[in-house]
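*Asks:* Let me give you the structure first, and then I'll get to my questions.
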Amino acid sequence: MSDAKPAPNERQATRRIDTAGPDYGEPAGPVGRLRARLRVFLENLKVEFFTMGVVIIYMLLIFTDLMLADDPKVDSEAKGKPWTNTFKYVDMVFLSIFTAELLIRLFAFGYFYCLAPLNTVDGMVVLISFGLQAWVISLGDKTIGRQAETASNLLSIARVLRLVRLFVVMNKVQKARAAYKKTKYLKTGSPVETVLDMLGHMKGKVEDEEDVLDIQWVMDLIASDKLYTINIKNVVADVKDKDMAAFLSQEMNIKKDLDLDGEMEADESEDMLDEVRGSLKHQQSSFAPGDPAQAAVLEAQRISELDALLPHLERINQWDVDVFALWEASENMGLVVGTHHLLEQHNLVSKFRLSKPRLTRFLTKMQEGYRNANPYHNVVHALDVLINMNYFLNQENLKRLMSPLDVLACLLAAAVHDFRHPGFNQNFLVATKHEYAIRYSDTSVLESMHIASAWAVLLTDECNFLKRLSHDQFTEFRSTMVQLVLATDMKFHFEHTAKFKTKLQSEGYQPGCDREDVRFAMGLALHTADIANPAKPRQLSLAWTEMCMEEFFTQGDEEKQLGLPISPFYDRSKNSTAQCQMGFINVLVKPLYTEFCQLLGEPAQTDCLSALQSNLEGWEQNGNGLLKQMEVSFLDKGIVGPRAGARSPFPPSPTPSMRKSPSKTGL
Ligand SMILES: [Zn+2]
28 MSDAKPAPNE
38 RQATRRIDTA
48 GPDYGEPAGP
58 VGRLRARLRV
68 FLENLKVEFF
78 TMGVVIIYML
88 LIFTDLMLAD
98 DPKVDSEAKG
108 KPWTNTFKYV
118 DMVFLSIFTA
128 ELLIRLFAFG
138 YFYCLAPLNT
148 VDGMVVLISF
158 GLQAWVISLG
168 DKTIGRQAET
178 ASNLLSIARV
188 LRLVRLFVVM
198 NKVQKARAAY
208 KKTKYLKTGS
218 PVETVLDMLG
228 HMKGKVEDEE
238 DVLDIQWVMD
248 LIASDKLYTI
258 NIKNVVADVK
268 DKDMAAFLSQ
278 EMNIKKDLDL
288 DGEMEADESE
298 DMLDEVRGSL
308 KHQQSSFAPG
318 DPAQAAVLEA
328 QRISELDALL
338 PHLERINQWD
348 VDVFALWEAS
358 ENMGLVVGTH
368 HLLEQHNLVS
378 KFRLSKPRLT
388 RFLTKMQEGY
398 RNANPYHNVV
408 HALDVLINMN
418 YFLNQENLKR
428 LMSPLDVLAC
438 LLAAAVHDFR
448 HPGFNQNFLV
458 ATKHEYAIRY
468 SDTSVLESMH
478 IASAWAVLLT
488 DECNFLKRLS
498 HDQFTEFRST
508 MVQLVLATDM
518 KFHFEHTAKF
528 KTKLQSEGYQ
538 PGCDREDVRF
548 AMGLALHTAD
558 IANPAKPRQL
568 SLAWTEMCME
578 EFFTQGDEEK
588 QLGLPISPFY
598 DRSKNSTAQC
608 QMGFINVLVK
618 PLYTEFCQLL
628 GEPAQTDCLS
638 ALQSNLEGWE
648 QNGNGLLKQM
658 EVSFLDKGIV
668 GPRAGARSPF
678 PPSPTPSMRK
688 SPSKTGL
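In our numbering, the protein residues as written are 28 to 694.
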């Protein structure tokens with residue numbers, strides 16, 4: 028932090044110079060100093076507000092006088108009577124104040140003050156009005172004959188002048204407001220600098236040394252642009268459960284303190300890597316020419332009309348829809364049919380004139396790209412995340428922020444977000460120097476691979492269903508989709524949750540809010556949809572837990588075989604499912620859902636948070652015994668998971684078992 032110190036004081040100093048205004052050229056000496064002080068005094072916000080307050084009161088009085096004077100009945104009755112007489116003196120008092128103010132300003136700013144035409148007109152009006160009013164008063168209260176006529180004429184002129192002043196003052200107020208806003212945001216460069224200035228001001232007033240240091244820390248933090256950067260190491264350090272802390276460190280990609288001097292068993296590691304490299308050679312994948320367009324569309328059509336599937340599609344907007352039952356009823360076409368159904372439901376296919384045959388082929392390839400041998404990151408998980416995302420998009424508070432193109436990007440991002448997931452996490456891919464880790468330089472390896480591979484398919488002629496989008500629509504759609512899938516990297520979890528919380532607390536999410544904020548909310552929605560399992564009704568949640576833990580254990584088995592350290596919670600023999608789930612809920616899922624559901628409101632708050640709490644209590648009370656409550660094990664059915672196909676450590680492309688028929692081997 029200290030190296031990147033932004034030197035806010037320097038910044039303030041620069042600002043002072045920038046905003047010093049014209050060179051008034053006063054001679055050095057007491058008069059010059061007095062003029063300088065007066066300028067500072069007059070430009071003080073409090074003085075400006077006071078002057079404005081006096082002017083507003085005066086304006087109200089003028090209005091009253093004009094109203095009374097314009098009414099001939101009142102005027103005739105009041106002529107020479109209390110109101111006119113009283114107003115004459117009140118007006119004189121105000122005019123004296125304004126004249127004094129004018130003279131002080133002229134003294135302080137010199138001829139620069141007169142450079143603004145409004146100031147000149149206003150000044151002249153004030154001086155003439157002052158003179159006229161003084162004249163009227165000098166004529167006395169009880170005037171007769173010519174004197175009375177003169178006084179009446181003078182009063183009429185004074186009224187016209189007041190009208191002019193009214194116009195001038197209103198103009199000045201408007202200009203002052205615009206200038207104030209401008210100085211607030213432009214003169215200081217950005218709102219951040221205004222905040223820094225305010226903090227600097229506060230720092231000067233605070234006496235306690237610790238408070239001064241705290242404020243300085245806040246200033247440094249704001250200026251270093253790391254406001255939303257969470258010190259994950261600190262978060263993890265706060266987690267008491269050692270295994271959970273180790274698990275988080277791994278998920279968040281926190282580098283261990285390296286022992287650079289330590290002796291690495293070079294030969295051993297070399298052997299191990301050779302072994303891994305050998306297996307990498309089997310990873311090549313290619314897209315063969317696609318299957319016939321018509322057949323795919325007709326097949327999707329047939330499936331979507333199946334009697335067994337219809338009740339599930341009807342419930343697809345519910346949080347508690349049984350995604351496993353939906354998948355089973357879909358004859359292994361759930362992702363194609365589900366995505367299509369939702370796109371139609373949101374009227375997106377016709378709105379963007381999406382090519383149906385190409386869309387169907389694209390979705391079929393996405394569906395086939397998920398490895399069903401993965402116990403967790405398989406196509407049913409993709410369908411689940413799609414359904415969760417759709418549920419969020421249907422909540423009014425989120426929906427009203429979105430354009431139809433956003434909804435399209437959100438749904439498709441959800442459908443493809445784990446495309447070709449190998450069933451192993453980033454740490455494993457990095458540790459084994461997997462092709463993906465090398466290609467994406469160990470950075471958001473899986474997420475980059477998912478979205479890049481999906482787009483590689485999408486842009487082929489047979490799958491590009493976006494051809495009718497305009498250039499701008501296409502650019503926006505693509506960048507949104509990319510941003511969304513990259514936002515599912517667990518590495519950003521704490522940072523994004525904290526940022527979202529701050530945004531929600533400060534300005535909230537209103538229609539028309541900043542575009543970047545909307546995109547950020549969409550990314551967080553996809554991440555929230557991705558880790559929804561513990562927030563689902565008990566039976567669904569348990570099924571997902573079993574599948575997730577099985578994938579962890581499978582990686583643990585591989586790690587063991589390769590001689591790598593077994594990741595926390597990945598050791599099959601330790602039976603730490605409940606401990607893992609409780610930590611996962613308490614540290615990751617609950618804080619995020621609490622914030623995100625605050626945006627969504629009801630019924631999401633009840634649907635998600637009550638299930639989350641109930642599951643947490645279930646684990647706390649029953650420990651691993653909670654798994655016994657599971658009525659149906661989806662893994663046991665062998666539709667996905669190890670029994671669905673031969674297990675290989677590195678199969679990035681679909682295994683033969685995933686291909687239902689020769690007509691769908693289009694990858
Ligand atoms: Zn996922």
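Glycine included, C-beta positions come from ideal geometry on N, C-alpha and C.
Taking all protein chains shown into account, do 16 or more other C-beta atoms lie within 10 angstroms of the C-beta of A5, making it buried, or fewer, making it exposed?
*Replies:* Residue 5 falls outside the range modelled here, since the chain spans only 28 to 694, and no answer is possible.
*Asks:* When you measure from the CB of D247 to every non-hydrogen atom of ligand 1, does any distance come out below 6 Å?
*Replies:* In the sequence shown, counting from the first residue as 1, residue 247 sits at position 220. D247 has its CB no nearer than 6 Å to any heavy atom of ligand 1.
*Asks:* Quick one: is E37 buried, meaning 16 or more other Cβ sit within 10 Å of its Cβ, or exposed?
*Replies:* On the sequence shown, position 10 is the one that residue 37 refers to. Any answer about E37 is weak, because its pLDDT of 41 lies below 50 and its placement is not dependable; what the coordinates show is given next. Label assigned to E37: exposed.
*Asks:* Below 6 Å CB to CB, which residues in the same chain sit around L473 once its five sequence neighbours on both sides are set aside?
*Replies:* Numbered from its first residue, the sequence shown carries residue 473 at position 446. Q453.
*Asks:* Taking the alpha helix (DSSP H) that L166 belongs to, which residues open and close that run?
*Replies:* For the purposes of this step, residue 166 is taken as the residue at position 139 of the sequence shown. Looking at the DSSP string, L166 is not in any alpha helix (DSSP H), and its letter there is neither H nor E.
*Asks:* Measuring alpha carbon to alpha carbon, tell me which of V117, D544, M508, L69 ends up nearest V434.
*Replies:* The residue you call residue 434 lines up with position 407 of the sequence shown. Of the candidates V117, D544, M508, L69, the one whose C-alpha sits nearest the C-alpha of V434 is M508.
*Asks:* Across the segment 385-397 and the segment 340-355, are there enough close Cβ pairs to call them in contact, namely three or more that are closer than 8 Å?
*Replies:* no
*Asks:* Would you please state the rounded distance, in angstroms, between the beta carbons of S480 and F446? I believe it to be under 8 Å.
*Replies:* For the purposes of this step, residue 480 is taken as residue 453 along the sequence shown, with counting starting at 1. For the purposes of this step, residue 446 is taken as residue 419 along the sequence shown, with counting starting at 1. Between F446 and S480 the Cβ distance is about 6 Å, and since that is below 8 Å, they are a contact.
*Asks:* Go through its chain and collect everything with a Cβ distance to M86's Cβ below 7 Å, but skip five positions before and after it.
*Replies:* Here residue 86 is taken as the residue at index 59 of the sequence shown, counted from 1. Within the same chain, M86 has close Cβ partners L193, V196.
*Asks:* Since A356 and H339 should fall inside the 8 Å C-beta cutoff, what is the C-beta to C-beta distance between them, to a whole number of angstroms?
*Replies:* Translated into the one-based positions of the sequence shown, residue 356 becomes position 329. Translated into the one-based positions of the sequence shown, residue 339 becomes position 312. That belief holds up - the Cβ atoms of A356 and H339 are roughly 6 Å apart, short of 8 Å.
*Asks:* Tell me whether L275 sits in a helix, a strand or coil according to DSSP, three-state version.
*Replies:* Mapped onto the sequence shown, residue 275 falls at position 248. The answer is helix: DSSP assigns L275 an H, G or I state.
*Asks:* Just list the alpha helix (DSSP H) runs in the segment 601-651, keeping only unbroken ones of 4 residues or longer that don't cross its boundaries, in chain order.
*Replies:* 604-610, 617-627, 637-649
*Asks:* Less than 8 Å between C-beta atoms, sequence neighbours within five positions excluded: which residues of the same chain meet that for L698?
*Replies:* The structure shown does not extend to residue 698, since the chain is modelled only from 28 to 694, so the question has no answer here.
*Asks:* When the distance is taken between beta carbons, is V191 closer than 7 Å to V153?
*Replies:* Within the sequence shown, the letter at position 126 stands for residue 153. Within the sequence shown, the letter at position 164 stands for residue 191. Not in contact: V153 and V191 (Cβ atoms no closer than 7 Å).
*Asks:* Is it the case that the CB of D347 approaches a heavy atom of ligand 1 more closely than 6 Å?
*Replies:* On the sequence shown, residue 347 is found 320 positions in, with the first residue counted as 1. Because no heavy atom of ligand 1 lies under 6 Å away, the Cβ of D347 does not count as near it: no.
*Asks:* Please determine, among Q160, Q532, E332, the residue with the shortest C-alpha to C-alpha distance to Y116.
*Replies:* Counted from its first residue, the sequence shown places residue 116 at position 89. Nearest option by C-alpha distance: Q160.
*Asks:* What I want to know is whether the C-beta of D557 ends up closer than 6 Å to one or more non-hydrogen atoms of ligand 1.
*Replies:* Residue 557 sits at position 530 when you count from the first residue of the sequence shown. Yes, ligand 1 has a heavy atom inside 6 Å of this Cβ.
*Asks:* Leaving out five residues before and five after V148 in sequence, what residues of the same chain have Cβ atoms less than 8 Å from its Cβ?
*Replies:* The residue you call residue 148 lines up with position 121 of the sequence shown. V191, V195.
*Asks:* Counting pairs of beta carbons, one from the segment 550-568 and one from the segment 585-598, are three or more of them closer than 8 Å?
*Replies:* no
*Asks:* The alpha helix (DSSP H) spanning R542 covers which residue range?
*Replies:* On the sequence shown, residue 542 is found 515 positions in, with the first residue counted as 1. 542-557 is the span of the alpha helix (DSSP H), which, as asked, contains R542.
*Asks:* Could you pull out every unbroken alpha helix (DSSP H) segment of at least 4 residues lying fully inside the segment 507-541, listed in chain order?
*Replies:* 520-533
*Asks:* Can you tell me whether F446 is helix, strand or coil according to DSSP?
*Replies:* Against the sequence shown, residue 446 aligns to sequence position 419. Coil, per DSSP.
*Asks:* Whole angstroms are fine: how far does the CA of R380 sit from the CA of E371?
*Replies:* Along the sequence shown, one-based indexing puts residue 371 at 344. Along the sequence shown, one-based indexing puts residue 380 at 353. Put simply, the backbone Cα of E371 is about 11 Å away from that of R380.
*Asks:* Which of the three DSSP states is assigned to Y85 in this structure?
*Replies:* Walking along the sequence shown from the start, residue 85 turns up at place 58. Correct three-state label for Y85: helix.
*Asks:* What is the DSSP secondary structure of A143, counted as helix, strand or coil?
*Replies:* Within the sequence shown, the letter at position 116 stands for residue 143. Reduced to three states, the DSSP call for A143 is coil.
*Asks:* Could you tell me which of G535, N112, E234 sits nearest to A178, measuring between CA atoms?
*Replies:* Mapped onto the sequence shown, residue 178 falls at position 151. For A178, the nearest C-alpha among the options comes from N112.
*Asks:* How about A562 and L639: are their beta carbons less than 7 Å apart?
*Replies:* Translated into the one-based positions of the sequence shown, residue 562 becomes position 535. Translated into the one-based positions of the sequence shown, residue 639 becomes position 612. For A562 and L639, yes; Cβs fall inside 7 Å.
*Asks:* With burial defined as no fewer than 16 other Cβ atoms inside 10 Å of the residue's Cβ, what is the status of M517: buried or exposed?
*Replies:* Here residue 517 refers to the residue found at position 490 when the sequence shown is read from its first residue. Counting Cβ neighbours within 10 Å, M517 comes out buried, since at least 16 surround it.
*Asks:* Is R132 helix, strand or coil when you go by DSSP?
*Replies:* Numbered from 1 along the sequence shown, position 105 holds the residue referred to as residue 132. In this structure, R132 counts as helix in the three-state DSSP scheme.
*Asks:* Nearest chain D C-beta to F661 closer than 7 Å, yes or no?
*Replies:* Judged by its chain identifiers, the structure shown contains no chain D, having just a single protein chain.
*Asks:* Compute the beta-carbon to beta-carbon distance between Q648 and D268, rounded to the nearest angstrom, for a pair I have assumed lies under 8 Å.
*Replies:* The count along the sequence shown starts at 1 and reaches residue 648 at position 621. The count along the sequence shown starts at 1 and reaches residue 268 at position 241. Cβ-Cβ separation between Q648 and D268: approximately 17 Å, too far for a contact (criterion under 8 Å).
*Asks:* To the nearest angstrom, how far is the alpha carbon of S377 from that of M79?
*Replies:* Residue 377 sits at position 350 when you count from the first residue of the sequence shown. Residue 79 sits at position 52 when you count from the first residue of the sequence shown. Rounded to the nearest angstrom, the two C-alpha atoms are 57 Å apart.
*Asks:* Does DSSP put K563 in a helix, a strand or coil?
*Replies:* Walking along the sequence shown from the start, residue 563 turns up at place 536. Coil, per DSSP.
*Asks:* Expressed to the nearest angstrom, what Euclidean distance is found between the alpha-carbon atoms of L626 and R546?
*Replies:* For the purposes of this step, residue 626 is taken as residue 599 along the sequence shown, with counting starting at 1. For the purposes of this step, residue 546 is taken as residue 519 along the sequence shown, with counting starting at 1. Whole-angstrom Cα-Cα distance: 15 Å.
*Asks:* In whole angstroms, what separates the C-alpha of L591 from that of I465?
*Replies:* Residue mapping note: residue 591 aligns to position 564 of the sequence shown, counting from 1. Residue mapping note: residue 465 aligns to position 438 of the sequence shown, counting from 1. In this model, L591 and I465 are separated by some 19 Å (Cα to Cα).
*Asks:* Assign T459 to one of three DSSP states: helix, strand, or coil.
*Replies:* For the purposes of this step, residue 459 is identified with residue 432 of the sequence shown, where counting begins at 1. In this structure, T459 counts as coil in the three-state DSSP scheme.
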